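Residue numbers (this note's numbering): 1 to 266. Every residue, glycine too, gets a C-beta built ideally from N, C-alpha and C. On a predicted model such as this, the values are computed, not experimentally measured, just so you know. Following: one structure in structure tokens, then a few remarks.
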């Protein structure tokens, strides 16, 4: 099947979790995504249709896999209980309802899957953390230990890392850091086969947030200072005006039969 390359996105998810793959080229209007087709492929393999005109392609995929797929209202593809076999390139394509040629380019999503395994040998535990990606690996994988570094042996590998430690070690202090070198996003994954991963803010975005926050703080301080001074000056002006009115008061005396006289009191 011919591929029309277009925009692309990349997502990283841990095995066992769920992920939503966006379709960034949706044409409207659609009825239950009947103009949307999702395809899946891996290096050296032809594309295979997962979703055809909004419907799951049960002719190609197993029931077990079909049960893990669904399409959202905006035609995104949801994959639940992600497995290592789900890593690959997904393409969202748009076709007119009446049939015919593809409209616009593909919107492609590169899905990478984090796999964590555990082995025990000679009373030592080995944890492997690796990323399965489409084509060339674009991730860095590092183990981080918050305790005494002498208690662990960390060895980097291609698109992965392993750590060896004694069984008494507190595994809560271990985290696998997976960074997408393209987006700069990092996932901090707890040790263990069913533990969770937390997304962190990239360094460049953190710098922007700090800069914007500092600028906002400075603007707020300056604004409050100006307002306070203006309020003080206005109060002083009003006070002076009251004193001036008192100083310049006028009293008038009238004498019967004589022209009126005005006397200014100072």
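Sub-8 Å separation of residue 111 and residue 86 beta-carbons: Mapped onto the chain shown, residue 111 falls at position 111. Mapped onto the chain shown, residue 86 falls at position 86. Yes, Cβ-Cβ distance for residue 111 and residue 86 is below 8 Å.
In the structure shown, what three-state DSSP assignment does residue 34 receive? As a position in the chain shown, residue 34 is number 34, starting the count at 1. Under the three-state reduction of DSSP output, residue 34 falls in the coil class, being neither helix nor strand.
Exposed or buried, what is residue 74 when buried is set at 16 or more other beta-carbons lying within 10 Å of its beta-carbon? By 1-based counting over the chain shown, the position of residue 74 is 74. Exposed: under 16 other Cβ atoms inside 10 Å.
Identify whether residue 205 lies in helix, strand or coil by the three-state DSSP scheme. As a first step, residue 205 is located in the chain shown; it is residue number 205 there, counting from the start. Legend: pLDDT at residue 205 = 41, less than 50; position of this residue unreliable, value from coordinates given subsequently. Helix.
In chain order, each beta strand (DSSP E) run of at least 3 residues that lies wholly inside the segment 84 to 132: Scanning the segment 84 to 132 from its first residue to its last, the whole beta strand (DSSP E) runs of 3-plus residues come out as 88 to 94, 107 to 121 and 124 to 132.
I'd like to know whether the C-beta of residue 72 is nearer than 8 Å to at least one C-beta of chain D. In summary, chain D is missing from the structure at hand, where a single protein chain is found.
Do you know offhand how far residue 206's Cα is from residue 97's? Position 206 of the chain shown, counted from the first residue, corresponds to residue 206. Position 97 of the chain shown, counted from the first residue, corresponds to residue 97. In this prediction, residue 206 has a pLDDT of 44, which is less than 50 and means its spatial position is unreliable; what the coordinates show is noted afterwards. The alpha-carbon atoms of residue 206 and residue 97 are separated by roughly 44 Å.
Report the three-state DSSP secondary structure of residue 199 (helix, strand or coil). Taking the chain shown and counting its residues from 1, one reaches residue 199 at position 199. Looking at residue 199 - three-state DSSP - the assignment turns out to be strand.
Among residues of its own chain, excluding the 5 on either side of residue 180, which ones have a beta-carbon nearer than 7 Å to its beta-carbon? Residue 180 sits at position 180 when you count from the first residue of the chain shown. Apart from sequence neighbours up to five positions away, the residues of its chain that approach residue 180 with a beta-carbon distance below 7 Å are 10, 12, 138 and 139, ordered along the chain.
Nonlocal neighbours in the same chain, by C-beta distance under 8 Å from residue 72, ignoring five residues either side: Looking up residue 72 in the chain shown gives position 72. Excluding residues within five positions, the ones whose Cβ falls inside 8 Å are 20 and 78.
Best match in 196, 107 and 41 for proximity to residue 15 [C-alpha to C-alpha]: As a working mapping, residue 15 is identified with position 15 in the chain shown. Nearest of 196, 107 and 41 to residue 15, Cα basis: 196.
Does the Cβ of residue 25 have 16 or more other Cβ atoms within 10 Å, making it buried, or fewer, making it exposed? Here residue 25 is taken as the residue at index 25 of the chain shown, counted from 1. Counting the other CB atoms within 10 Å of its CB gives residue 25 a total of 16 or more, which places it among the buried residues.
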